[in-house]
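Encoded as structure tokens, the structure appears first; notes follow it.
2 protein chains.
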Amino acid sequence: MEVFLAGVGMTSFGKKEQSLQELMGEAVRAALKDASVSSVDAIYVGVMSPTAFLHEGNFASLLADFLGMAGKPSLRIETASSTGAAAFLEAYNAVAAGQYTRALVVAGEKMSHLSTSETTRILSEVIDREERRYGATMPALAGLVAHRYMYEHHLSQGTLEKLMSAIAIKNHSNGLLNPYAHLRKAIDEQQHRQSRLISSPLRLFDCAPISDGAAAVVLTCERGDIRVAGIGHGTDTYSLCNRRSLTSFASTRIAAQKAYRMARLSPHDIDFAEIHDAFTIFELIGMVDLGFFSPAEAREAVLRGETGLRGRFPVNPSGGLKSRGHPVGGSGLAQIVEVALQLRGAVEKERQVKIGNVGLAHSVGGLATNTFVTILEKTSTRRNLMLTWSPHYDAEAEVLTPIHPLAVGLASDTGILETFTVLHTPPEGFPSPMVLGLVREPAGNRIFARGVGHDGLKMNRQVYLRHMGSITYFTQRSLWYKAKVLCRKNYRKYNRKVNSVVQGLMKKAS
Amino acid sequence: MEVFLAGVGMTSFGKKEQSLQELMGEAVRAALKDASVSSVDAIYVGVMSPTAFLHEGNFASLLADFLGMAGKPSLRIETASSTGAAAFLEAYNAVAAGQYTRALVVAGEKMSHLSTSETTRILSEVIDREERRYGATMPALAGLVAHRYMYEHHLSQGTLEKLMSAIAIKNHSNGLLNPYAHLRKAIDEQQHRQSRLISSPLRLFDCAPISDGAAAVVLTCERGDIRVAGIGHGTDTYSLCNRRSLTSFASTRIAAQKAYRMARLSPHDIDFAEIHDAFTIFELIGMVDLGFFSPAEAREAVLRGETGLRGRFPVNPSGGLKSRGHPVGGSGLAQIVEVALQLRGAVEKERQVKIGNVGLAHSVGGLATNTFVTILEKTSTRRNLMLTWSPHYDAEAEVLTPIHPLAVGLASDTGILETFTVLHTPPEGFPSPMVLGLVREPAGNRIFARGVGHDGLKMNRQVYLRHMGSITYFTQRSLWYKAKVLCRKNYRKYNRKVNSVVQGLMKKAS
């Protein structure tokens with residue numbers, strides 16, 4: 047059964063005084079009014095962590111009652127930061143199955159009332175326990191990805207920063223025009239460059255803010271002006287260590303492939319997109335994984351402004367997570383609201399994209415462990431339904447094939463540094479700054495390791511590993527070299543030297 | 047599209063050493079083996095609170111990877127203690143919508159590693175914040191319900207205890223035969239009577255244990271031996287204060303009504319049922335709300351053993367939550383696994399129900415805020431599909447009509463005590479024992495209040511209210527009477543007397 051968007055609504059994002067249920071109530075009232083209906087058959091609620099943020103353990107029931115809809119089916123969906131898109135998918139399925147005529151999707155988060163360190167701790171719980179043990183946070187993992195991107199595409203630090211700042215500047219300039227946006231201010235390259243390092247190479251202006259807010263959509267099987275053309279969902283390995291690639295997200299490719307196939311559309315049929323830019327580098331990667339550009343084309347498009355509002359292919363006309371804000375559970379649905387408003391021509395004139403027949407929303411959960419792609423289309427669009435797009439790969443099969451089946455239980459003394467980041471805002475109990483690296487051991491497996499010093503760290507070079515306690519440390523070649531010269535090839539002395547450096551670091555950490 | 051159960055599996059429940067993902071892995075392997083398939087198209091994960099119990103904030107992704115299914119769509123569903131049934135509903139919808147050919151549902155919880163007080167605190171987060179402020183816990187609310195049941199049905203304390211102990215004894219005796227059960231021991235009336243009071247009139251043996259465990263089901267659109275005949279979902283007001291009835295759960299009646307209508311069956315066509323018995327009193331109430339018995343019939347059936355394994359209508363052949371155990375997120379799906387095994391005749395011979403063509407599972411979230419009813423049927427059953435059941439009420443409409451629209455902002459000095467409980471295991475920071483009551487104010491609204499002393503408390507009698515700080519206290523008539531006599535109608539003295547008693551209580555509490 048075809049499913050249509052009957053109405054959409056959202057609150058402005060930002061630091062809000064209201065409770066989460068009040069924010070959601072505001073979004074729901076707007077969506078119901080937009081749909082010209084007063085009741086629905088069921089409620090799909092997307093919140094990432096009402097227990098951790100709010101100590102509410104039964105939020106779907108709480109909200110149904112708060113909305114005056116006690117009695118109606120109401121359940122909560124969660125897939126970390128793509129939760130809003132997941133709730134949309136579930137409501138879509140229920141309506142498509144004929145279970146309900148009209149389903150309400152509402153998603154949001156209330157998180158700004160906690161301290162940044164507490165919020166960071168909660169958000170870090172979406173990543174692998176082993177990675178957390180090393181003090182990894184979401185920005186740290188994104189930093190590892192960004193550095194690797196730089197290496198794989200032979201970019202200078204300057205070029206990478208230019209690309210990331212171009213994305214941040216573009217999204218801020220779009221957000222400035224969006225009354226729903228959290229950070230409504232233009233920024234320039236200098237401000238970006240001068241913002242503090244969060245986890246190298248990512249600066250504060252590369253990271254989405256901590257926001258409160260909610261969005262709502264009414265889905266129906268009754269014909270309306272916007273239809274759900276395609277929808278796809280994919281996951282990836284939980285740990286970065288087990289990824290085939292660090293600079294392309296398989297979960298995005300799987301979700302996109304399914305959505306395009308269902309919509310019988312190719313990436314070139316999409317007129318504009320909302321791409322998950324929790325970190326600026328993700329927008330660059332998403333542009334490629336979604337099939338819009340090759341990596342080189344994507345960089346060129348960013349630098350030439352082709353993804354701006356007036357460009358050939360607008361990306362994040364809303365301002366994206368970067369500027370509209372990122373209430374984690376709500377962002378995925380807010381993107382869908384933006385796409386619907388653009389398709390309808392219902393946004394502010396200066397923010398309206400030029401061609402808007404088909405729009406795409408892309409929402410990433412965790413470090414691209416759980417991703418959704420949703421394609422919306424004007425119902426009035428006439429097109430040849432026989433078109434289908436076949437990518438040259440099977441992303442799901444690729445993920446399902448383990449990459450290093452032989453590497454279990456081996457611990458090596460050396461490895462190749464695949465990428466690293468210097469984390470300037472580590473979790474409590476860890477030193478700042480702290481170097482984190484991904485090291486490929488000779489057996490082929492990739493491990494997390496903590497660096498000793500970070501001057502002159504080079505990618506793809508050999509590093510020396512020391513396993514102390516439950517933590518693996520890596521030393522940079524230069525340090526090792528110095529130690530070697532110092533000790534005149536006396537391995538025991540070298541060993542002692544390295545151990546004393548590592549122990550110094552550990553003392554600093556505790 | 048019709049949906050069938052291709053395979054089911056579960057772990058034994060109890061205090062487990064394994065991690066939640068390991069428990070779920072075990073259940074999934076069993077279900078996949080049972081279904082004779084090695085892969086599925088999507089995973090629906092039911093866990094109530096992986097953040098609070100395990101500090102895992104992205105469990106759907108974690109599990110997909112752990113199962114070796116990274117790449118596949120995987121999302122988490124939550125509706126408090128009915129989470130497992132909610133995940134089943136969502137997987138059902140996805141298969142019915144044609145989204146997937148085969149969907150895996152897996153649900154469970156790992157909670158026994160925390161202290162009982164910590165677990166109670168987490169479980170209490172499923173109830174209304176106002177109720178929690180008074181120190182209410184799940185057993186306290188169930189105690190309020192049980193006392194009210196006693197009053198409304200003119201039962202003596204002894205009769206109520208006899209009923210509840212009969213249910214506990216029956217469920218333990220079923221669980222003894224179930225290799226998956228947590229508490230595999232027979233109990234007798236004396237043991238029940240001698241077990242400690244948790245929240246009067248509920249004793250330890252009236253409450254389901256804290257368990258770990260997981261269950262899994264493979265759903266498919268390919269014809270199999272058991273089909274999903276009906277499925278229904280309903281909610282109710284979040285706070286007990288806003289319920290029309292304290293002794294009948296509207297969310298159950300809504301869910302049942304929908305499930306029967308979809309299945310084109312009446313309650314009398316059901317051969318046996320798994321009823322949510324987190325507290326023994328809930329089984330008695332569920333038997334009525336699901337349409338199987340009138341209240342008087344239900345009591346008679348319990349006392350006559352008609353709900354036993356060899357009885358006319360077996361209830362909880364698995365042992366129920368009471369004996370099989372209650373890993374909160376998993377129980378709803380474990381019930382469905384039990385119904386499927388019974389329908390197939392695949393349980394131990396002595397536990398097999400006599401007639402098993404149609405079975406029903408009933409799962410309650412929170413204090414009956416979010417409830418699911420699932421009806422499974424042997425595909426081979428021949429029946430007249432024209433049958434439909436029309437109850438004499440519209441449960442959903444009943445809940446949607448507010449019960450005391452005029453009572454906002456009124457605070458009275460007197461009220462009628464509708465029910466009370468003496469909580470012997472209150473949360474940290476509250477006195478033990480602590481009296482909690484539901485008081486109906488003259489304006490018609492119901493409020494939570496804390497009692498001062500509990501000797502000779504009588505139901506449906508006037509109580510006197512004192513609002514001190516943010517807490518409302520009620521005094522029993524006898525105390526008020528004593529104070530009145532003592533003070534020879536000197537109101538000021540009476541007032542002082544009551545206040546000093548209340549203050550003494552508050553001091554004790556802090």
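In the order they appear, the protein sequences are chains A and B.
Count along the first sequence starting at 1, add 46, and that's the number in the numbering used here.
Count along the second sequence starting at 1, add 46, and that's the number in the numbering used here.
For every residue, glycine included, the Cβ atom is placed at its ideal position computed from N, Cα and C.
The structure displayed is predicted, hence computed values, not measured ones.
CB of residue i within 8 Å of CB of residue j, strictly
i	j	result
ILE272 (chain A)	LYS424 (chain A)	yes
GLY499 (chain A)	GLN522 (chain A)	yes
GLY570 (chain B)	GLU329 (chain B)	It is not possible to answer for residue 570 (chain B), since the shown part of chain B is limited to 47 through 556.
PRO479 (chain B)	THR166 (chain B)	no
GLY378 (chain B)	GLY221 (chain B)	no
GLU72 (chain B)	ALA260 (chain B)	yes
GLY270 (chain B)	LEU66 (chain B)	no
Proximity winner among the options, relative to residue i (alpha-carbon distances)
i	options	result
VAL152 (chain B)	B:ASP440, B:VAL264 and B:LEU389	B:VAL264
LEU349 (chain B)	B:THR266, B:GLU207, B:THR447 and B:ALA441	B:GLU207
ALA189 (chain B)	B:ALA140, B:GLU198, B:LEU482 and B:GLY114	Per the sequence shown, the amino acid found at residue 189 (chain B) is Gly instead of Ala. Cα-wise, what sits closest to GLY189 (chain B) is B:LEU482.
ASN362 (chain A)	A:VAL374, A:SER409 and A:PRO341	A:SER409
PHE359 (chain B)	B:LEU387, B:ALA319 and B:ARG345	B:ALA319
ALA116 (chain A)	B:HIS193, B:VAL485, B:ALA443 and B:GLY497	B:ALA443
LEU311 (chain A)	A:ARG512, A:ILE331, A:PHE295 and A:LEU336	A:LEU336
ALA98 (chain A)	A:ALA73, A:ALA76, A:THR293 and A:MET157	A:MET157
GLY411 (chain A)	A:VAL93, A:ALA81, A:ARG242 and A:ALA76	A:VAL93
ARG289 (chain B)	B:TYR90, B:ARG194, B:PHE134 and B:LEU100	B:ARG194
THR57 (chain B)	B:GLY154, B:LEU511 and B:CYS253	B:GLY154
ALA142 (chain B)	B:ASP174, B:TYR284, B:ARG175 and B:CYS267	B:CYS267
Spatial distance of residue i from residue j (CA atoms)
i	j	result
SER546 (chain B)	ARG507 (chain B)	23 Å
ILE493 (chain A)	SER163 (chain A)	26 Å
LEU355 (chain B)	VAL383 (chain B)	17 Å
VAL49 (chain A)	ASN403 (chain A)	17 Å
THR417 (chain A)	LYS400 (chain A)	28 Å
LEU41 (chain A)	SER257 (chain A)	Nothing can be reported for residue 41 (chain A): it is not among the residues displayed for chain A, which extend from 47 to 556.
MET47 (chain A)	MET308 (chain A)	13 Å
TYR226 (chain B)	VAL83 (chain B)	23 Å
GLN398 (chain B)	GLY391 (chain B)	7 Å
ALA305 (chain B)	ILE277 (chain B)	4 Å
ALA386 (chain B)	GLY497 (chain A)	54 Å
LYS231 (chain A)	LYS395 (chain A)	18 Å
ARG299 (chain A)	MET333 (chain A)	11 Å
ASP282 (chain B)	THR467 (chain B)	22 Å
Per-residue contacts from residue i into chain B (C-beta, under 7 Å)
i	result
HIS279 (chain A)	PRO119
ASP111 (chain A)	THR283 and TYR284
Under 9 Å by beta carbon: chain A residues contacting residue i
i	result
GLU176 (chain B)	Within chain A, no residue comes near GLU176 (chain B); the closest Cβ sits about 11 Å away, beyond 9 Å.
ALA296 (chain B)	ALA116 and GLY117
VAL191 (chain B)	Per Cβ cutoff of 9 Å: no residues; VAL191 (chain B) is ~17 Å from chain A at best.
Buried/exposed call for residue i, threshold 16 Cβ in 10 Å
i	result
LEU452 (chain B)	Because the pLDDT of LEU452 (chain B) is 49, which lies under 50, any placement of that residue in the model is unreliable, and the number read from its coordinates should be weighed accordingly. Counting Cβ neighbours within 10 Å, LEU452 (chain B) comes out exposed, since fewer than 16 surround it.
SER516 (chain A)	exposed
PHE59 (chain B)	buried
PRO488 (chain B)	exposed
GLY114 (chain B)	exposed
SER85 (chain B)	exposed
LYS368 (chain B)	buried
GLN240 (chain A)	exposed
HIS470 (chain B)	buried
HIS322 (chain A)	buried
Where residue i meets chain A, residues with beta-carbon distance less than 8 Å
i	result
ARG122 (chain B)	ILE123, GLU124 and THR125
HIS159 (chain B)	Simply none; closest approach about 15 Å.
Where residue i meets chain B, residues with beta-carbon distance less than 9 Å
i	result
LEU446 (chain A)	SER85, GLY114, MET115, ALA116, GLY117 and LYS118
Partners in chain A for residue i, counting only beta-carbon separations shorter than 7 Å
i	result
LEU108 (chain B)	TYR284
ALA143 (chain B)	ASN139, ALA142 and ALA143
VAL172 (chain B)	GLY103 and ASN104
Chain-ordered neighbours of residue i on chain B, where CB pairs are closer than 8 Å
i	result
ALA98 (chain A)	THR97, ALA98 and GLY103
ALA132 (chain A)	LEU121
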